[in-house]
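Visitor:
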Amino acid sequence: MKGKIFKVYVDGKLRMGCGSQFVLMNNVVRLHQKYGKDRVKIVECEESIQFTKEELKELKRAMNLQDE
Numbered sequence: 001m002k003g004k005i006f007k008v009y010v011d012g013k014l015r016m017g018c019g020s021q022f023v024l025m026n027n028v029v030r031l032h033q034k035y036g037k038d039r040v041k042i043v044e045c046e047e048s049i050q051f052t053k054e055e056l057k058e059l060k061r062a063m064n065l066q067d068e
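In this text, residue positions in the sequence shown follow the UniProt record's numbering: the first is 1, and each later residue adds one.
1) Per DSSP, which residues does F6 bridge with? Please list them.
2) Evaluate L56 with the Cβ neighbour count: other Cβ atoms within 10 Å of its Cβ, from every protein chain shown; 16 or more gives buried, anything less gives exposed.
3) Distance, Cα to Cα, N26 vs K53?
4) For K37 and G12, what's the separation of their Cα atoms in angstroms?
5) Do you know offhand how far residue 135's Cα is from R61's?
Structure, rendered in structure tokens:
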């Protein structure tokens, strides 16, 4: 049985990748409060789909912004 991976985009930029629906929903609530529901998009993918190089760069940038 294949699981699901959820990719969360804010303004078209990848901000989070998650395999757990519970963790996803907790973070999406926070993102909705911070950016607004209209700016946050959730995409559900098969587990076998990997992140592209550009998506990994966006995630790294997002993590660096959270540290500041």
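Cβ atoms here follow ideal geometry from the backbone N, Cα and C, with glycine treated the same way.
Guide: Taking the geometry as given:
1) C18, E44
2) exposed
3) 26 Å
4) 13 Å
5) Lying before the first or after the last residue shown, residue 135 is absent from the chain, which here runs from 1 to 68.
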